[in-house]
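Reading through the structure tokens given below for one structure.
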């Protein structure tokens, strides 16, 4: 019985990570810049709209935090995620340079990696 619960929990975690990786790719690196190897995402494009775009990007970024909450991640990890979100938000507010910053910082990818690393370390410590 306990193995079934662990297996269900592991499947739920893997599904969440897969969703977050797709989300991060869409928001942070889904649009290729021609003649370069650099990608930007929808969040960087939305961020071109002064203030409103940055607020929308912040709201989008909260999805990763919501998933972390659903998975029962510690306050320490969620705090790191919030810090990344705030850095991305505040950095994006600076005219022109904020748009460049948004394209490079990629908070959703950072937070997804942070969450994935934490969940994988928990999984390893269970076995």
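Residue numbers (our numbering): 9 to 135. All C-beta atoms in this analysis are idealised placements derived from N, C-alpha and C, irrespective of residue type, glycine included.
Under DSSP, residue 47 forms a beta bridge with 40.
Within the same chain, and ignoring the five residues on either side of residue 75 in sequence, the residues whose Cβ sits closer than 8 Å to its Cβ are 24, 27, 28, 123. Taking C-beta atoms as the reference points, residue 92 and residue 115 count as a pair closer than 7 Å. Taking each of 48, 89, 81 in turn and checking the Cα distance to residue 107, the smallest one comes out for 48. The three-state reading of DSSP puts residue 109 in helix, counting H, G and I together. Unbroken alpha helix (DSSP H) stretches of 4 residues or longer found wholly inside the region 69-105: 83-101, given in chain order.
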